[in-house]
Every structure is written in structure tokens, then in C-alpha cells.
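Number of protein chains: 2
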Amino acid sequence: MNARKIPDIIIGRLPVYLRALQRMADMGLKTTSSQELGEHVGISAAQIRKDISQFGEFGKQGTGYSIEYLIEQLREILKVDRIWDVVVIGAGDMGHAVVNYQGFNDRGFHIVAIFDNDKEKVGHEIGKFKVEDAETMIERIKSMGVKVAMLAVPAAAAQAAADQLVQAGVRAILNYAPISLNVPNNVKVQYIDPSIHLQRMTFYL
Amino acid sequence: MNARKIPDIIIGRLPVYLRALQRMADMGLKTTSSQELGEHVGISAAQIRKDISQFGEFGKQGTGYSIEYLIEQLREILKVDRIWDVVVIGAGDMGHAVVNYQGFNDRGFHIVAIFDNDKEKVGHEIGKFKVEDAETMIERIKSMGVKVAMLAVPAAAAQAAADQLVQAGVRAILNYAPISLNVPNNVKVQYIDPSIHLQRMTFYL
DNA sequence: TAGATTGTTAATCGATTAACAATC
DNA sequence: TAGATTGTTAATCGATTAACAATC
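Going line by line, the protein sequences match chains A and B. Counting with our numbering, you get residues 34 to 238 for the letters of the first sequence. Counting with our numbering, you get residues 34 to 238 for the letters of the second sequence.
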């Protein structure tokens with residue numbers, strides 16, 4: 034498949050479709066249509082059909098999509114038909130919240146370690162984890178073969194930490210630090226900054 | 034101000050520019066160019082100039098933009114030249130993290146109350162706040178005139194809570210629940226779901 | 001003046017929508 | 001069959017980039 038030429042914007046919507054479909058499955062539904070799914074996620078039926086059809090013909094005329102089958106296909110496309118090990122960098126409030134968050138279960142991710150460069154924090158327990166020394170981070174990540182990280186350190190420390198993650202072989206960084214990161218082209222970054230999200234709404238008030 | 038319709042996608046980038054500019058200001062810089070700002074945020078210089086020029090002529094040929102002046106203008110455009118009161122719904126792990134988060138300071142937001150519908154949690158202290166009963170939520174929000182909310186309740190409770198927020202006059206919801214919300218057109222929603230963000234990256238691994 | 005950089009126009013590129021034949 | 005809904009094409013709409021005159 035020519036995964037290379039699928040626009041980012043389409044990839045960005047697939048997890049939203051997947052989440053809605055999983056919710057429908059939990060409610061015991063068996064099939065849905067582009068129309069119905071579109072109403073759930075706030076996207077036009079035409080766009081949903083077009084997005085999905087980039088990857089194959091998963092629907093049936095007249096009846097729509099099998100929810101179970103479409104979930105299976107989307108999980109495979111997004112590569113969350115497996116469990117990804119994830120490391121957390123930064124054992125502050127946000128690091129704590131992320132480690133204790135239950136929402137990664139069943140969505141393809143499993144936290145395996147948390148690091149901090151503050152010697153005071155190293156050794157402390159967070160949930161079932163002991164905070165590890167950031168000095169050991171690169172070697173530990175390499176030896177575990179971890180490709181996905183969540184970065185929850187202060188802005189001033191974020192770029193240096195990201196550089197280390199890249200060096201350790203991490204290819205996907207979910208960045209909670211309020212700063213834009215510079216990384217090589219083959220490394221993906223997603224940003225979560227609540228202030229940014231709030232500021233995207235106040236314009237309209 | 035210009036009555037012309039500004040595309041959402043441009044509004045979405047302005048907070049990122051603002052954050053980068055504030056960082057430059059903190060470092061003592063006085064002026065910048067579209068080129069330099071673009072390198073910081075990973076956006077082309079042409080696009081930055083085009084975005085900014087939607088709102089006025091804030092730069093000078095030959096020298097670029099005054100950082101302080103551009104910050105001032107962007108804050109005004111985004112309406113964060115003031116402090117918005119914010120309520121938090123849900124006193125679970127995420128509610129805790131959000132209330133304790135220091136990153137809203139200086140970015141236009143101030144948390145004023147936290148609510149939960151679990152009577153066990155009502156009255157407990159989180160930071161300097163006492164968790165309030167969700168039954169009182171609508172009246173409290175109305176009387177305080179709060180327009181911005183952060184929703185950190187389980188998926189199953191999120192739509193009902195959002196309906197209440199709308200009823201109370203809230204116009205902007207930052208939703209941490211893993212579900213798409215249905216709200217009237219005049220209410221804005223932004224979504225934060227770490228699993229969604231992670232799934233947007235695994236495709237490329 | 002000489003060099004730098006904006007604001008803006010036109011061209012290009014990409015995304016969304018509408019429509020409908022195919023077909024379950 | 002009759003009705004429903006997909007997958008796809010073509011048209012429309014919108015966003016990005018390139019280029020450069022204006023001008024600090």
C-alpha cells in the first residue's frame with residue numbers, strides 16, 4: 034500500500050473515527066453508516082467515506098460498515114493492533130497524571146518507565162513505577178527498544194530532553210511542554226498545551 | 034476590528050506564534066522576522082506574514098516585527114489581553130492535575146472553581162479549592178458569569194455535563210473526556226485525548 | 001545608499017463537497 | 001425487486017507558496 038501519499042490530515046481523523054466506533058461497539062451496535070458515524074464525530078458523510086476508501090473497500094452498499102470489521106481495519110492501518118511501550122519523561126504533576134491515567138488501556142499503549150533528572154525524585158514511587166535517573170535514560174530506552182515517549186518536563190528542559198529521546202531511538206513524542214520542538218524529519222511530535230487550546234477558543238467569545 | 038471571516042486554521046496558529054514570541058521576549062529579544070519566528074514554530078515565513086497581515090500591518094520592512102508590540106496585538110486579537118475565569122468539571126486525577134497546573138498563569142486564564150457529582154469528593158480540598166457539588170454547578174457558573182470550562186469527567190458523563198455547561202452559559206469547553214461532544218454552533222470545543230494524539234503518530238512508525 | 005524584510009498578488013497545491021452509478 | 005448506501009469522479013472551495021514592489 035502507498036502509505037506514503039496519504040495526507041496527514043486524513044491520518045489525523047482516523048483515531049477519532051476509531052474512538053467513536055469503539056464506543057458504538059461497547060454499546061452493542063453491529064453496523065453503522067458514514068452518515069451516522071459522521072453525526073457522532075461532527076464530520077460530513079462524504080468525507081468519512083473518502084477518508085476510509087483511501088485504504089480499501091471496507092463497506093457494503095446498502096448496509097454500510099461492519100463496526101467490528103472497520104475497527105479491526107483502522108487499528109491495523111494506525112498500527113495500534115499491537116501494544117506500544119511508552120516512556121514518560123518528567124515526574125512532576127503532569128508526569129504523575131500521565132502515569133496514573135487509565136485511558137491508554139485498550140488503545141494501544143503501555144507505559145513502561147518514568148524518568149526525571151532531579152535526584153530528589155529518583156527512586157520515588159509513582160503508581161507501580163519507581164522514578165528512574167534521567168542519566169540512564171538513553172541506555173534504558175535503547176535496551177528496551179522503546180519508540181514512543183511522553184515529554185512532561187519544564188519548557189526550559191524540553192528541547193534537551195527531546196534531543197536525548199531522538200538519540201535513544203524514539204520516533205514519536207507527545208509533548209506536554211509549552212514549546213515547539215525541533216526534531217529530525219523521521220521523528221513525529223504531537224503537542225498538548227491546554228493554554229494553547231483555550232486561546233484557540235477565546236477569539237470567538 | 035475587521036469583520037472579514039478569518040479562517041479557523043489561522044486562528045489556531047496564532048496562539049503558537051504568541052507562545053514563541055513570549056519565549057523570545059523572556060530571553061530578552063526585541064525584534065524578530067517572519068523567517069526567524071517560522072524557524073521556531075516550524076511554519077514557513079510566507080505563511081506567518083500572511084497570517085499576521087490578516088489583522089493589520091504590524092511589521093516594518095527591513096527590520097521585521099517588534100516582539101513586544103506583536104505580543105500585544107496577538108493578545109488583543111485572541112482576547113487574552115484579559116483574564117478569563119475558568120471552571121473545572123470533575124475532581125478525578127485529571128481534574129487534580131489541571132487545577133494544580135501552573136501553566137495558565139500569564140496566559141489569560143484563572144481557575145475559579147471545581148465541581149464533581151460524587152458526594153464523596155465534594156468538600157475535599159484540591160490546592161486552594163474545595164470541590165463543589167455538581168448539583169450547584171449551573172447556578173454557580175451563571176452567577177459568576179464564567180464562559181470557559183475544562184471538562185475532565187468519564188466519557189459516560191461527559192455529554193450530560195457539557196449540556197449543563199451550555200445551559201449555564203459556558204461558550205468554550207476544553208474537553209479531556211475521550212468522546213466527541215455535541216454542542217450548539219455558538220459553543221466552541223477543543224479536545225485533548227492523549228491516546229488520540231499518540232495514534233496520530235504510530236501510523237508513521 | 002545598500003541590504004533586509006514586509007505585505008500582497010498570482011499561481012499552485014490540496015482538501016472538501018456534491019452527485020450518482022454501482023451494487024448490496 | 002425496492003431502498004439504501006458505498007466508492008469514486010468532477011466541481012468547488014480553501015490554503016499554501018513563490019515572487020516581488022514597496023519601503024524601512
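Beta carbons are placed, not taken as given, at the ideal position from N, Cα and C, and that holds for glycine.
Chain-ordered chain A contacts of residue i [CB-CB under 9 Å]
{"i": "B/H143", "result": "Going along chain A, no residue has its Cβ under 9 Å from B/H143, so there is no contact; the nearest lies around 11 Å."}
{"i": "B/V199", "result": "Going along chain A, no residue has its Cβ under 9 Å from B/V199, so there is no contact; the nearest lies around 14 Å."}
{"i": "B/F137", "result": "P227, S228 and L231"}
Min CB distance residue i to chain A below 8 Å
{"i": "B/V49", "result": "yes"}
{"i": "B/T65", "result": "no"}
{"i": "B/N35", "result": "Legend: pLDDT at B/N35 = 43, less than 50; position of this residue unreliable, no value from coordinates given."}
{"i": "B/F148", "result": "no"}
{"i": "B/V74", "result": "yes"}
{"i": "B/V181", "result": "yes"}
Other residues of its chain near residue i: CB distance less than 8 Å, five sequence neighbours each side excluded
{"i": "B/I159", "result": "A124, G128, H129, V132, N133 and I147"}
{"i": "A/I100", "result": "L54, M57, A58, L62, K63, T64 and T65"}
{"i": "B/Q115", "result": "A small fix is needed here, since residue 115 of chain B is Arg in this sequence, not Gln. The residues are G141."}
{"i": "A/V203", "result": "V120, I174, V179, K180, V181, A182 and V220"}
{"i": "B/K154", "result": "A124 and V164"}
Beta-carbon proximity list for residue i, same chain, < 6 Å, skipping 5 on both sides
{"i": "B/N35", "result": "Confidence in B/N35 is poor, its pLDDT being 43 and thus under 50, which makes the residue's placement unreliable; the coordinate value appears in the next sentence. Around B/N35: no qualifying Cβ."}
{"i": "B/A205", "result": "V181 and K221"}
{"i": "A/I39", "result": "Q87"}
{"i": "B/Q106", "result": "F91"}
Test: residue i CB closer than 8 Å to a CB of chain B
{"i": "A/S228", "result": "yes"}
{"i": "A/G156", "result": "no"}
{"i": "A/A130", "result": "yes"}
{"i": "A/K93", "result": "no"}
{"i": "A/I44", "result": "yes"}
{"i": "A/G123", "result": "no"}
{"i": "A/R173", "result": "no"}
{"i": "A/R204", "result": "yes"}
First and last residue of the uninterrupted beta strand (DSSP E) at residue i
{"i": "A/D118", "result": "W117 to I122"}
{"i": "A/D149", "result": "F142 to D149"}
{"i": "B/A182", "result": "V181 to L184"}
Contact list for residue i against chain B, beta-carbon separation under 8 Å
{"i": "A/N133", "result": "D126"}
{"i": "A/I110", "result": "F236"}
Opening and closing residue of the alpha helix (DSSP H) in which residue i lies
{"i": "B/K221", "result": "Per DSSP, B/K221 belongs to no alpha helix (DSSP H); it is in the beta strand (DSSP E), K221 to Y224."}
{"i": "B/A201", "result": "No alpha helix (DSSP H) holds B/A201; DSSP gives it neither H nor E."}
{"i": "B/V49", "result": "D41 to D59"}
{"i": "A/V131", "result": "D126 to N133"}
{"i": "B/S86", "result": "A78 to S86"}
{"i": "B/Y102", "result": "I100 to I110"}
{"i": "B/K175", "result": "M170 to M177"}
{"i": "A/T96", "result": "Note, A/T96: premise wrong, no alpha helix (DSSP H); not H, not E."}
{"i": "B/P227", "result": "P227 to T235"}
{"i": "A/E153", "result": "Neither: A/E153 is in no alpha helix (DSSP H) and is coded neither H nor E."}
{"i": "A/V74", "result": "S67 to V74"}
Sequence-distant residues of its chain with Cβ nearer than 7 Å to residue i (five each side left out)
{"i": "B/I43", "result": "D84 and Q87"}
{"i": "A/R82", "result": "S67"}
{"i": "B/Q200", "result": "I171"}
{"i": "B/N150", "result": "A167"}
{"i": "B/I104", "result": "L51, L54, Q55 and A58"}
Beta-carbon neighbours of residue i, restricted to chain A and to distances below 7 Å
{"i": "B/V186", "result": "None at all; the shortest Cβ gap to chain A is about 12 Å."}
{"i": "B/S86", "result": "In chain order: nothing, as chain A lies at least about 17 Å away."}
{"i": "B/K221", "result": "M234 and Y237"}
{"i": "B/V113", "result": "Q232 and T235"}
{"i": "B/Q53", "result": "A small fix is needed here, since residue 53 of chain B is Ala in this sequence, not Gln. Correct list: S213."}
{"i": "B/R82", "result": "Simply none; closest approach about 18 Å."}
Amino acids of chain A, ordered along the chain, whose beta-carbon sits closer than 8 Å to that of residue i
{"i": "B/L207", "result": "P227, H230, L231 and M234"}
Problem set entry | At least 3 beta-carbon pairs within less than 8 Å: the stretch 170 to 180 of chain A vs the stretch 104 to 124 of chain A | yes
Exercise. Okay, do the stretch 209 to 220 of chain B and the stretch 181 to 198 of chain B touch, 3+ Cβ pairs below 8 Å being the bar?
Worked result: yes
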